[in-house]
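Before any comments, here is the structure.
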Amino acid sequence: MSKLDFNQSQGSLDYFFQHDTSWLSELTINDYPIVMIVWNLFLVTIPWFLCGGLQQYWRATKFKAWYHKLGALFLAGLWLLFIPNTAYIITDVRHVVSACSVISEHHVCLQDAWTIVVFFTYAILGWLAFVWLLKQMRQLIKKIWDEQVAQIYIGVIIPLIALGVLLGLLNRWNSWEIFIHPWLFLQTLSLYFSQPAYLGNWLIFSLFLYILYWLGSLVLPELSKIKLK
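Numbering follows the numbering used here, with no gaps: position 110 of the sequence shown is 115.
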């Protein structure tokens, strides 16, 4: 079974949104379902809650016992699965390209010009969530270990997030589908280590996510002061 076959199966999320005939499917921006925007923003709240849960768990247990460490590892693993959704939202600015339904030199039409600022704002929300959630997890890692480990964490986590974004963007993988078709996922994952085009995209995505994180840290320092309750 290929990923294309899986995406076209009735159990996939792609199939649901492509074949939904309810009134929700009629609410669109440039043929992009508004329900997808709501869904993606909902997915961003999952790593937010997981990060908050990890911080509460640390304050309560300090991860002293082995089962505390195991529980923390489980929560951190779930967080890693869902955190790419923040950066994925940034890529939805690509839907601006389809803003003009007729041939236009500048790809902007009177009836759809407003969608540019909508998708830009939507992407900014993804960027803010990306920076803030990484900073929150960085703070926790610094408390548990030290500043050096926290810096290593940023260096390692951003390429993993970039990989997660591309797996969703190019290969249409959702976080939970890894558990449904693990072998198929591994086959897809191998492309990023064996195919130059995939590897190139991964490296460039990683580079610019580093830049976005750095810019967020530079111009939005107050984000690091916001505490999860």
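Backbone N, C-alpha and C define an ideal beta-carbon position, used for all residues, glycine too.
So is residue i buried or exposed if we call it buried at 16+ other beta carbons inside 10 Å?
| i | result |
| --- | --- |
| L171 | buried |
| R143 | buried |
| L55 | buried |
| G221 | buried |
| K69 | exposed |
| Q141 | buried |
| S199 | exposed |
| T120 | buried |
| S195 | exposed |
| Y203 | buried |
Should residue i and residue j be called a contact, given that it needs their Cβ atoms to be closer than 8 Å?
| i | j | result |
| --- | --- | --- |
| L138 | T91 | yes |
| F79 | P52 | no |
| Y197 | W188 | no |
| Y93 | L174 | yes |
| Y127 | I183 | no |
| K225 | V136 | The question names Lys, but residue 225 in the sequence shown is Leu. Against a cut-off of 8 Å, the Cβ pair of V136 and L225 comes out as a contact. |
Within a Cβ cutoff of 8 Å, which residues of the same chain sit near residue i, ignoring the five residues on either side of it in sequence?
| i | result |
| --- | --- |
| W63 | A77, L145, K148 and I149 |
| T193 | K8, L172, N176 and W178 |
| W84 | P52, L55, C56, L59 and M142 |
| I159 | L139, R143 and Y218 |
Quick one: what's got a C-beta closer than 7 Å to residue i's C-beta in the same chain, skipping five residues either side?
| i | result |
| --- | --- |
| F124 | D97, V98, H100 and V101 |
| L250 | Residue 250 is absent from the model: the chain starts at 6 and stops at 234. |
| I163 | S211, L214, Y215 and Y218 |
| A134 | V49 and T91 |
Whole-angstrom Cβ separation of residue i and residue j, contact assumed at under 8 Å?
| i | j | result |
| --- | --- | --- |
| G131 | I95 | 5 Å |
Short of 6 Å in beta carbon distance, which residues of its chain neighbour residue i, apart from the five on each side in sequence? Order them along the chain.
| i | result |
| --- | --- |
| A2 | This structure cannot speak to residue 2, because the chain is shown only from 6 to 234. |
| G82 | none |
| H2 | Absent from the structure is residue 2, since the part of the chain shown begins at 6 and ends at 234. |
| N45 | I94 |
| S180 | L86 and F87 |
| F190 | I183 |
Any heavy atom of the ligand GTP within a distance shorter than 7 Å of the CB on residue i?
| i | result |
| --- | --- |
| F87 | By its list of ligands, the structure shown contains no ligand whatsoever, and the ligand GTP lies outside what it can speak to. |
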